[in-house]
Structure formats: C-alpha cells, structure tokens
Amino acid sequence: MIEILDPAELPRAKAAGALVADILQTLKSRSAVGTNLLDIDRWAKQMIAEAGALSCYVDYAPSFGRGPFGHYICTSVNDAVLHGLPYDYALADGDLLSLDLAVSKDGVVADSAVSFLVGDAKPQESVALINATERALHAGIAVAGPGARIGDISHAIGSALTEAGYTVNTQFGGHGVGSTMHQDPHVPNTGRPGRGYRLRPGLLLALEPWVMADTAELVTDADGWTLRSATGCRTAHSEHTIAITDDGAEILTLPKQTH
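All residue numbers for the sequence shown refer to UniProt numbering, where the first residue is 1 and numbers rise by one.
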C-alpha cells in the first residue's frame, strides 16, 4: 500500500516528525557514559506518552522478528546496527550508539534514526561510519522530488556509501510511511537511476542508509531482534522522514537547532 497525503494532512506529518526529532535529540543528550539502555527506553516511553502519541514498536511483530518487540526505541550499540533490543547495559566511553524511533501522532507516523559516539573517545573508524551514512542520507534527499523515481534515491545513497569504501546490504532499507510505519514503496540503499515508483507530492518516505565497517553480512542475536555485523565490526545508521512536495522534498525529522 502506498499512501499519498493531501495538503491538509501535511501539518500532522510535520508535527509527528518534530516530535520524533525532539525525543531523539533529548535521548542523545542524556546518553552518557554509564547510562543504561533500559533507561533510554523508559525515557522514550515517557516522552511518547506525554505527547499523546503512540509507539510504533512496542506491539510490533513482523515476520523477521521474534515479536512483539516490547520496547519503545531501538538501541543498537557498536556492532549492532538495526532493531537493537534494549537490555541491561551501561554505555561505555567510545561506544557507538544508534537510536531508531518511530512514533504515530494524530494518525501519522514519523521515523528517524541517529548514530553518535558516547563520551569523549572518538575512534576514527566510527566517526567515518557515521559521516558516511549522514552524507548518503542527504544525497538521497537531494534527488528526491516530484517526478523522480525510487531508483534515483537508491542510486544516490548507494553511490555515497560505496565511494566511502563500504559494501551495501539490501536486506533492509527505506520505506514509505503514513498511517502505519512500514509501507510501500521499499527504498533499497543501492539501485539504478530512472527505475521504480515515480514520486508524487504528498508521499512520505523514511530514508535510512546504514553500513558496517568491513562486511555486508548480518547475524541475528539470540533475542530474535538485534541485527549485528557478522564480523563484529562497528556499524552506523542514519534516517530521516521526508515529505515529497510540489518542488522538492522537506525533511520532517530535523532537530530544532538545524532548522
């Protein structure tokens, strides 16, 4: 299913995006050496409830997970890259933490992810991973607009990742959002330009490049959810929800300080 929002629905999408951005930035600011992943999950639950919104994760039970997820945010540390199930772990200096959050507010979903380093240590490889996913994300957004095709976005993302020296896994990628979290069209993180669904104003897309330092192979934790690099190498993940407009694309999940 592909949903196209009418102009009257766009303010609700913007409100959902602003909420997700605000929660993620608050959680990032609270994530320090010694912070427990379960506290991050608890804070997310509290902020979602206070906003009168709904978690897209707590009851989420897709075929690829051992559902329901049972938590309010994905917390992926170091070699974990996607669907990180929060557990009793205190963050250490230099940990690479990826937070992924999807929330429904007034019937519209927004989805975003951010990767960052905890504490003072800044391992060069980790900085490079984060920067590559952020560049790829903005490359994809730059080519999104009415009349463009999904393949144009995939090609831009994939080119940025491969130029940075990383291989691309296509098992998980971006997707449409709307009244639910995962919708068509699927947006692979590499592809051929000029192919696929033609973008239209009112379409919401969650674009999410992610990479692993030295592999494209994933393994699944015993928890049935957390996806890690097969080699134990570090990983990073960046994601924004965008709205296709009449003249381009608008990022709905930008943190306030970058508006």
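Glycine residues also receive a C-beta, built at the ideal position from the N, C-alpha and C atoms.
Q: Could you tell me if glutamine 183 is buried or exposed, where buried requires 16 or more neighbouring beta carbons within 10 angstroms of its beta carbon?
A: buried
Q.
By the three-class DSSP mapping on this structure, what secondary structure does alanine 110 have?
A. strand
Q: Kindly indicate which residue of Ile130, Ala136, Gly147 has the alpha-carbon position closest to the one of glycine 194.
A: Gly147
Q: Put aspartate 41 into one of helix, strand or coil per three-state DSSP.
A: Secondary structure of aspartate 41 (DSSP, three-state): helix.
Q. What is the DSSP secondary structure of asparagine 131, counted as helix, strand or coil?
A. helix
Q: Mind checking which residues open and close the beta strand (DSSP E) that includes arginine 192?
A: Note, arginine 192: premise wrong, no beta strand (DSSP E); not H, not E.
Q. If you run the structure through DSSP and keep just helix, strand and coil, what is glutamine 171?
A. Judged by DSSP in its simplified three-state form, glutamine 171 adopts coil rather than helix or strand.
Q) In or out: arginine 228 buried (at least 16 other Cβ within 10 Å) or exposed? A) buried
Q. Exposed or buried, what is aspartate 6 when buried is set at 16 or more other beta-carbons lying within 10 Å of its beta-carbon?
A. Result: exposed.
Q) Apart from the five residues on each side of it in sequence, which residues of its chain come closer than 7 Å, Cβ to Cβ, to threonine 258? A) Per-residue confidence for threonine 258 stands at a pLDDT of 45, beneath the threshold of 50, marking its modelled position as unreliable; no derived number is given.
Q) Once you ignore the five residues that flank aspartate 79 on each side, which residues in its own chain have a CB closer than 7 Å to its CB? A) Arg228, Ser229, Gly232, Cys233, Arg234, Thr235
Q. Would DSSP call residue 271 helix, strand or coil?
A. A query on residue 271 cannot be resolved here, the shown segment of the chain reaching from 1 to 259 and no further.
Q) Considering only the beta carbon of each residue, do leucine 91 and valine 77 sit closer than 9 Å? A) yes
Q.
Just verifying my parser: in three-state terms, what is the DSSP assignment at glutamate 3?
A. coil
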